[in-house]
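Asks:
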Amino acid sequence: MKTVLIAEDDKFLSSAYRLKLEKAGLNTLMAEDGQQALDLLQKHRPDLILLDLIMPVKDGFQVLEAISQKSSLKDIPVIVASNLGQKEDIDKSLSFGAKEFVIKSDLSLDSLVAKIKSLLKLS
0 MKTVLIAEDD KFLSSAYRLK LEKAGLNTLM AEDGQQALDL LQKHRPDLIL
50 LDLIMPVKDG FQVLEAISQK SSLKDIPVIV ASNLGQKEDI DKSLSFGAKE
100 FVIKSDLSLD SLVAKIKSLL KLS
């Protein structure tokens with residue numbers, strides 16, 4: 000079974016992501032801030048990371064940068080889910096290796112699951 004690391008500080012949203020992904024047959028790991036996400040990545044290797052940008056302790060950009068510098072992690076696909084929709088935020092995320100950038104306010108959970116399944120090559 001594939002595992003998704005959800006790095007999101009909004010408890011309601013992270014819970015909604017977790018429930019939707021688990022219903023879709025995926026395991027989840029949860030991090031409430033960027034440092035927790037990096038700590039989890041030292042112990043676990045998820046198949047995909049769903050990453051918020053605005054988080055306490057370390058933000059999503061710092062997490063992306065750290066992932067991109069570790070050869071054991073940089074091939075894990077990352078979907079950035081943020082309410083920052085400025086072109087420079089999107090470009091910066093993609094330059095650090097994110098595969099997708101989605102704007103939370105425009106996102107349905109069903110379309111998010113479809114994107115994740117597509118990146119993980121699941122039907």
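For the sequence shown, the positions run 0 to 122 when numbering that gives the first Met the number 0 is used. Where a beta carbon is used, it is the ideal one built from N, C-alpha and C, also for glycine. These figures come from a predicted structure and were not determined experimentally.
Where I102 and L108 are concerned, what is the direct C-alpha to C-alpha distance, given to the nearest angstrom?
Replies: So the alpha carbons of these two residues sit roughly 12 Å apart.
Asks: With a 10 Å radius around its C-beta and 16 neighbouring C-beta atoms as the bar for buried, classify F60 as buried or exposed.
Replies: Buried, by the Cβ-count rule.
Asks: Rounding to the nearest angstrom, what Cα-Cα distance links I115 and Y16 in this structure?
Replies: Whole-angstrom Cα-Cα distance: 11 Å.
Asks: Whole-angstrom Cβ separation of G33 and V62, contact assumed at under 8 Å?
Replies: Sure, about 4 Å apart at Cβ, within 8 Å.
Asks: Could you check which residue in L111, L72, E31, L28 has the C-alpha nearest to that of I78?
Replies: With distances taken between Cα atoms, I78 lies closest to L111.
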